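Read the structure below first, then the notes.
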Ligand SMILES: Nc1ncnc2c1ncn2[C@@H]1O[C@H](COP(=O)(O)OP(=O)(O)O)[C@@H](O)[C@H]1O
Ligand SMILES: [Mg+2]
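Numbering (the working numbering), first residue to last: 385 to 557.
Written as C-alpha cells, this is what we have:
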C-alpha cells in the first residue's frame with residue numbers, strides 16, 4: 385500500500401494531470417468524497433472538511449500498490465510522498481478567472497500560491513525528503529504528468545522543493 389499525494393493550489397492542474405495518469409495508476413479524487421466528509425460553510429464561502437473521516441475513508445478504499453490521491457488536502461492524508469503542482473501567480477490568476485472564481489477567492493488562492501503554503505505544509509507533515517514540486521506554468525499537462533510519473537517511480541530529487549514566487553507579492557503593493 386502506497387498512497388501518493390498529488391496536491392497544489394486550486395488551478396495548478398491537479399485534476400488535468402491526474403486524468404492523464406489514470407491509465408497507469410489508480411486515482412482517488414478527494415472531491416468525490418465531498419458528501420461524506422465535507423459541509424458547506426456559507427460564511428467562509430467554502431467547504432469545511434472532517435479530516436479524520438476522510439483519512440478513514442481513503443484507507444478503506446486503498447487496495448492497490450500505488451494509488452494517487454488527488455486534491456488540495458491530499459497532503460493531510462497518510463501518504464508516502466507529496467507531489468505539489470506549482471504555477472506562477474500571474475498565470476494562476478488567469479486560470480482562476482477563466483474558471484469564474486470570485487475576485488476574493490482568486491486573491492486568496494494566488495496569495496497562498498505565492499507563499500508556497502501547500503509545500504510548507506507538506507514539508508511539516510512529511511519531511512523535506514518526501515516532498516516534490518513540479519512547475520506547471522506554460523507547460524502542457526502531458527509533460528507535467530511525465531514529471532509526476534518520474535517522481536513516483538524514481539523519487540528524482542531534481543524535483544525537490546525550490547520554487548519561490550514570494551517576490552511576486554512585493555510587486556502587488
Ligand atoms: N500544465 C498546464 N498548463 C496550462 N494550463 C493548465 C495546465 N494544467 C491545467 N491547466 C488549466 O488550468 C485550469 C485548472 O486545471 P485543473 O486541472 O482543473 O486544476 P486543479 O484540479 O488543480 O484545480 C484548467 O483550465 C486547465 O485546462
Ligand atoms: Mg481539480
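Beta carbons are placed, not taken as given, at the ideal position from N, Cα and C, and that holds for glycine. Please read these numbers as outputs of a predicted model, since none were measured by experiment.
Apart from the five residues on each side of it in sequence, which residues of its chain come closer than 8 Å, Cβ to Cβ, to residue i?
i	result
residue 511	none
Keeping to the same chain, check which residues put their C-beta closer than 7 Å to that of residue i; ignore five residues upstream and five downstream.
i	result
residue 526	404
residue 461	387, 389, 439, 442 and 453
Buried or exposed for residue i, please, with buried defined as at least 16 other CB atoms from any protein chain shown within 10 angstroms of its CB.
i	result
residue 435	exposed
residue 398	buried
residue 486	exposed
residue 401	buried
residue 508	exposed
residue 455	buried
residue 554	exposed
Report all residues from its chain with a CB closer than 6 Å to the CB of residue i; omit the five preceding and five following residues, and keep chain order.
i	result
residue 545	503, 515 and 517
residue 534	540
residue 473	494, 497, 498, 549 and 552
Ligand 1 and residue i: does the residue's C-beta get closer than 6 Å to at least one heavy atom of that ligand?
i	result
residue 526	no
residue 479	yes
residue 470	no
residue 396	yes
Does the beta-carbon of residue i, which I'm using as the reference point, lie nearer than 6 Å to any heavy atom of ligand 2?
i	result
residue 520	no
residue 440	no
residue 399	yes
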